[in-house]
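Reading through the structure tokens given below for one structure.
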Amino acid sequence: MRRHSFAIFMFVVSAILVVWGWNFYAADELNRWNGVVRVAHAPSSIDLTLTIRYPKPPLYEERYHITDINGISRYTYHVRSYHGLLVKVTQPPHTTYNVSFFFEALEQKGLWKLTNKAPRSSGDPIYTLAVKQSVGGKSGSRTVVFSDPHFWATTAARYHSMHIDVARSTNGVLEVQSSSLLDPRYEEMVRAFEAFGPEEFRRDVATARERARHA
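Each number in the working numbering comes from the position in the sequence shown (counting from 1) with 888 added on.
What follows is the structure, given as structure tokens:
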């Protein structure tokens, strides 16, 4: 009789522990899972554009436009010559993770931390990088303008930004802080756009560029 009562007691205790464990752990995990599912099915979009404007012939403008809307990717390229010839290259819409991976790679390179760079000379091409992202009702955008990305990746190492803090002078000696202007991220962004897409797309881009160049 005692064994039977003890068995019933252990069964009741086990049931209580199961219910408590569900409420404490499983319910929380279920809520997290539901949150993941909601995010996965929430509308999302990535829109990336790199525009290169040339101040002198033969090319007038190049533009790379890469988008992913709810898992459907599209990317296009167009080039325009100073003679008015416009050549477009379009990749048909398709389901792929390439754009998402590309966007994540740009983020790791510091996409959101880029700032405008003043043109170094009137003869340099002007680069405009624009990004728009929307995920689960949250969105962000950024547009950055710069020129001569190769300069910032190489030659800028010879230049330094100096800050003189008068308030922190000691015995009449001013404190000077110096930092290099070297920043390879701009060139990395441009090279990433140029290398994006399947081989046939990049080949068509090169053909379009040469056609516009010799128009």
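Beta carbons: idealized from backbone N, C-alpha and C, even for Gly.
All figures in this text were calculated on a predicted structure; none of them were measured in a lab.
Which residues in the same chain have their Cβ closer than 6 Å to the Cβ of D1092, if we skip the five residues on either side of it in sequence?
Mapped onto the sequence shown, residue 1092 falls at position 204. Here D1092 has V977 as same chain residues with Cβ atoms under 6 Å from its own Cβ, once five neighbours each way along the sequence are excluded.
Return the first residue and the last residue of the alpha helix (DSSP H) that L994 is part of.
On the sequence shown, position 106 is the one that residue 994 refers to. From DSSP, the alpha helix (DSSP H) with L994 extends over 986-996.
From H953, E1087, Y1015, V1023, residue whose alpha carbon lies closest to that of T964
In the sequence shown, residue 964 corresponds to position 76, counting from 1. Nearest of H953, E1087, Y1015, V1023 to T964, Cα basis: H953.
Tell me whether G1085 is buried or exposed, calling it buried when 16 or more other Cβ atoms sit within 10 Å of its Cβ.
Start at 1 with the first residue of the sequence shown, and residue 1085 comes out as number 197. By the Cβ neighbour-count rule, G1085 is buried, with 16 or more other Cβ atoms within 10 Å of its own.
Run the CB neighbour count on V987, radius 10 Å, all protein chains shown included, and call it buried at 16 or more, exposed below.
In the sequence shown, counting from the first residue as 1, residue 987 sits at position 99. Counting of Cβ neighbours within 10 angstroms places V987 among the buried residues, the total reaching 16 or more.
Closest by C-alpha distance to I940, when choosing among F990, S961, S1035:
Reading the sequence shown from its first residue, position 52 is the one you call residue 940. Of the candidates F990, S961, S1035, the one whose C-alpha sits nearest the C-alpha of I940 is S1035.
Per-residue DSSP class, three states only, for S1010
Counted from its first residue, the sequence shown places residue 1010 at position 122. It is coil, neither helix nor strand.
State the CB to CB distance for the pair T937 and G959, rounded to an integer number of angstroms; the pair is presumed to be in contact (CB under 8 Å).
Here residue 937 corresponds to residue number 49 of the sequence shown, with the count starting at 1. Here residue 959 corresponds to residue number 71 of the sequence shown, with the count starting at 1. Their Cβ separation, rounded to whole angstroms, is 20 Å, which puts T937 and G959 out of contact at 8 Å.
In whole angstroms, what is the alpha-carbon distance linking R1101 and Y948?
Counting from 1 along the sequence shown, the entry for residue 1101 is found at position 213. Counting from 1 along the sequence shown, the entry for residue 948 is found at position 60. Just so you know, the alpha carbons of R1101 and Y948 end up roughly 9 Å apart.
DSSP three-state label for H971, please.
As a first step, residue 971 must be located in the sequence shown, where it is residue number 83. Looking at H971 - three-state DSSP - the assignment turns out to be coil, as it is neither helix nor strand.
Looking only at C-alpha atoms, which of F991, K1005, R1073 sits nearest to S961?
The count along the sequence shown starts at 1 and reaches residue 961 at position 73. Between S961 and the set F991, K1005, R1073, the nearest pair of CA atoms involves F991.
Exposed unless 16 or more other CB atoms sit within 10 angstroms - verdict on Y1074
Taking the sequence shown and counting its residues from 1, one reaches residue 1074 at position 186. Sixteen is the threshold: when 16 or more other Cβ atoms of the shown chains lie within 10 Å of the Cβ of Y1074, as they do, the residue is buried.
Using three-state DSSP, classify F1084 as helix, strand or coil.
As a working note, residue 1084 is residue 196 in the sequence shown. Coil.
Run through DSSP, which three-state label would D956 get?
Walking along the sequence shown from the start, residue 956 turns up at place 68. Look at D956 here: in three-state DSSP terms it is strand.
Which residue from R1099, V975, V1023, E1087 puts its Cα closest to that of I934?
Numbered from its first residue, the sequence shown carries residue 934 at position 46. Here the closest residue by C-alpha is V1023.
For the beta strand (DSSP E) that K1001 lies in, which residues bound it at each end?
Position 113 of the sequence shown, counted from the first residue, corresponds to residue 1001. Element bounds for K1001: n/a, residue is neither H nor E.
Cβ pair V975, A1096 closer than 8 Å
Walking along the sequence shown from the start, residue 975 turns up at place 87. Walking along the sequence shown from the start, residue 1096 turns up at place 208. Judged by their CB atoms, V975 and A1096 are nearer to each other than the 8 Å cut-off.
Grouping DSSP H, G and I as helix and E and B as strand, with all else coil, what is H1102?
Translated into the one-based positions of the sequence shown, residue 1102 becomes position 214. In the structure shown, H1102 sits in coil (DSSP, three-state: anything other than H, G, I, E or B).
On the DSSP bridge list, what partners appear for L1069?
On the sequence shown, residue 1069 is found 181 positions in, with the first residue counted as 1. Beta-bridge pairing links L1069 to no other residue.
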